[in-house]
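A.B. asks: Here's a structure for you.
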Amino acid sequence: MKCLQKYNWVKLPRNAVPSGKGLMGAWMRLASRAAFRKGVASYCGYENAVEPGMWAGGVVGLKRILGIRSRAKALETLDNLTQLGYLTYELDKETKKLTYQITDWVVKCSGKECMNGAVYTTEGYGFLCLPRNITERLVQQNCTFEETDTWLDLWCHTVWEDSDNGFSFLAPTIQYGKYGANITLETLGQRWGWEKTKVWRFLKKHGDAFSLYRLPGNYGCLIFNKLYPCGTEVSLPTQYEVVRIFQQIRFLGANTHKGNVGQGCFREGTERGY
């Protein structure tokens, strides 16, 4: 399945949600456990009506989802996500019932209510549909990104088989809008509030998900998403292949100064055997 730059959403397998610090990590875990359709959910012997993107239970269940032992810290996390508009939540002080609703829920079931079947997915099963701009609020608020914030920021800027990005026909590629396929570590650092060396260390640490390729001269680098679900087996190119294709695209006159590497030039270069 293609993942074009113009698409407003991307897929994230629930079993790929990373661990680590950051509001986006907490958001991913909460979204992964939210109901995928309308119906009735059970929690500790109680039945609760839920809507798509909603979870109902208690603080103990919330702490389990977030992987946090502290009640205060778990509720503080919900408060922070609420302030940024990522969710809303309610805690009944008398019954101790807690519910939260993901505000950026993309896919909603249009079928009948599920009165007897499951409304929550099996943990780690299936995938989430994420808005491509889900992390932009952190940028707009000049937040310093933490580890999972950065991870999701890269993931949500993945493109696959996009005609305006020839490298995306090799493997799913990270592309930041106007910057195109090639980007510098300095630019990423400015976006995340990080030093260049920290960006480098992050990419090395998360090499299981993101593969970094350096381009010649001052053209920055390419980042491929190794885990993005393509529906078909994809092999990452070698460093030599990436550099060779990049040089031929430059030779063919593509708009490489903007990083706009088109499919036409990519195909022409590869068909000539470059």
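For the numbering used here, count along the sequence shown from 1 and bump the result up by 10. Built from N, CA and C at the ideal position, the CB exists for glycine as well.
1) Can you name, in chain order, every residue of its own chain whose Cβ lies under 8 Å from the Cβ of A206, other than the five neighbours on each side?
2) Where DSSP assigns a beta bridge to Q111, which residues make up the other side?
3) What residue does the alpha helix (DSSP H) around N90 start on, and which one ends it?
4) Rounded to the nearest angstrom, what separates P239 and E104 at their Cα positions?
5) Taking C-beta to C-beta, are L164 and P247 nearer than 8 Å?
6) Of the choices N143, G187, G77, whose alpha-carbon is the least far from that of C166?
7) Assess, as a yes-or-no matter, whether the stretch 97-112 is touched by the stretch 55-75 under the definition of 3 or more beta carbon pairs within less than 8 Å.
8) With C-beta atoms as the reference, is W204 less than 8 Å away from V116?
9) Between the Cα of P182 and the Cα atoms of R201, R211, A219, which residue gives the shortest distance?
10) Our contact map puts G30 next to T158 with C-beta atoms below 8 Å; I'd like the distance itself, whole angstroms only.
11) Do the stretch 92-101 and the stretch 73-84 touch if we need at least three Cβ pairs shorter than 8 Å?
12) Considering Cα atoms alone, identify which of R43, E61, T113, R260 is closest to G285.
13) Hey, R24 and G136: beta-carbon distance below 8 Å or not?
14) Using only CA atoms, which one of N228, Q258, G176, T168 lies nearest to K236?
15) Quick check on A51: does DSSP put it in helix, strand or coil?
16) Quick check: the Cα distance between Y96 and T113, rounded to an integer number of angstroms?
17) What are the boundary residues of the beta strand (DSSP E) that includes S42?
18) By how many angstroms is the C-alpha of C139 removed from the C-alpha of W170?
19) If you draw a straight line from the C-alpha of L33 to the C-alpha of E156, how long is it?
20) State the beta-bridge partners of T183 as determined by DSSP.
21) In terms of DSSP beta bridges, what is W210 paired with?
22) What is the DSSP secondary structure of K106, reduced to helix, strand or coil?
23) Between the alpha carbons of I259 and N228, how many angstroms are there, rounded?
24) Can you tell me the Cα-Cα spacing of I255 and V244, whole angstroms?
25) Hey, could you find the ends of the beta strand (DSSP E) F220 is sitting in?
26) Once you ignore the five residues that flank T87 on each side, which residues in its own chain have a CB closer than 8 Å to its CB?
27) Among the residues of its own chain, which have a CB less than 7 Å from the CB of R147, if the five just before and after it don't count?
28) With DSSP run on the structure shown, which of helix, strand or coil describes A264?
C.D. replies: Walking through what the data contain:
1) Numbered from its first residue, the sequence shown carries residue 206 at position 196. Checking the sequence, you will find Lys at residue 206 rather than Ala. Taken in chain order, the residues that qualify are L195, E196, G199.
2) Within the sequence shown, numbered from 1, the residue matching residue 111 stands at position 101. Q111 is bridged to M64, T98.
3) As a position in the sequence shown, residue 90 is number 80, starting the count at 1. Segment 81-93, the alpha helix (DSSP H) holding N90.
4) Reading the sequence shown from its first residue, position 229 is the one you call residue 239. Reading the sequence shown from its first residue, position 94 is the one you call residue 104. Their Cα atoms are separated by approximately 44 Å.
5) Stepping through the sequence shown from its first residue, residue 164 is reached at position 154. Stepping through the sequence shown from its first residue, residue 247 is reached at position 237. Result no, Cβ atoms of L164 and P247 do not sit closer than 8 Å.
6) Here residue 166 refers to the residue found at position 156 of the sequence shown. Closest by alpha carbon: N143.
7) Taking 8 Å as the limit for Cβ pairs, the verdict is that the stretch 97-112 does touch the stretch 55-75.
8) Translated into the one-based positions of the sequence shown, residue 204 becomes position 194. Translated into the one-based positions of the sequence shown, residue 116 becomes position 106. Not in contact: W204 and V116 (Cβ atoms no closer than 8 Å).
9) The residue given as residue 182 occupies position 172 in the sequence shown. Among R201, R211, A219, the Cα nearest to that of P182 belongs to A219.
10) Counting from one through the sequence shown, the residue named residue 30 turns up at place 20. Counting from one through the sequence shown, the residue named residue 158 turns up at place 148. Right, their Cβ atoms sit about 5 Å apart.
11) These segments do not touch.
12) This structure gives no information on residue 285, because the portion of the chain shown stretches from 11 to 284.
13) To locate residue 24, count along the sequence shown from 1; it is residue 14. To locate residue 136, count along the sequence shown from 1; it is residue 126. Contact: yes.
14) Within the sequence shown, the letter at position 226 stands for residue 236. The shortest C-alpha separation from K236 is found at T168.
15) Reading the sequence shown from its first residue, position 41 is the one you call residue 51. In the structure shown, A51 sits in a strand (DSSP, three-state: E or B).
16) Taking the sequence shown and counting its residues from 1, one reaches residue 96 at position 86. Taking the sequence shown and counting its residues from 1, one reaches residue 113 at position 103. Answer to the nearest angstrom: the Cα atoms are 6 Å apart.
17) Against the sequence shown, residue 42 aligns to sequence position 32. It is not in any beta strand (DSSP E) - S42 instead sits in the alpha helix (DSSP H) that spans 33-43.
18) What you label residue 170 is simply residue 160 of the sequence shown in a count that begins at 1. What you label residue 139 is simply residue 129 of the sequence shown in a count that begins at 1. Computed Cα separation, rounded: 16 Å.
19) Residue 33 sits at position 23 when you count from the first residue of the sequence shown. Residue 156 sits at position 146 when you count from the first residue of the sequence shown. Each residue's alpha carbon lies about 8 Å from the other.
20) As a position in the sequence shown, residue 183 is number 173, starting the count at 1. DSSP links T183 through a beta bridge to V169, F234.
21) To locate residue 210, count along the sequence shown from 1; it is residue 200. Paired residue(s): none; W210 is not in a bridge.
22) As a first step, residue 106 must be located in the sequence shown, where it is residue number 96. Coil.
23) Along the sequence shown, read from residue 1 onward, the residue named residue 259 stands at position 249. Along the sequence shown, read from residue 1 onward, the residue named residue 228 stands at position 218. One C-alpha to the other measures close to 16 Å.
24) Position 245 of the sequence shown, counted from the start, is the residue given in the question as residue 255. Position 234 of the sequence shown, counted from the start, is the residue given in the question as residue 244. Taking the straight line joining both Cα atoms gives about 18 Å.
25) Along the sequence shown, read from residue 1 onward, the residue named residue 220 stands at position 210. That run of the beta strand (DSSP E) goes 220-224.
26) Mapped onto the sequence shown, residue 87 falls at position 77. Excluding sequence neighbours, T87 sits near L33, A36, L76, I78.
27) As a working note, residue 147 is residue 137 in the sequence shown. Closer than 7 Å at Cβ, skipping near neighbours: L94, G95.
28) Counting from 1 along the sequence shown, the entry for residue 264 is found at position 254. Summary for A264: the model assigns pLDDT 47, below 50, so the residue's position carries little reliability, and this model does not support an answer.
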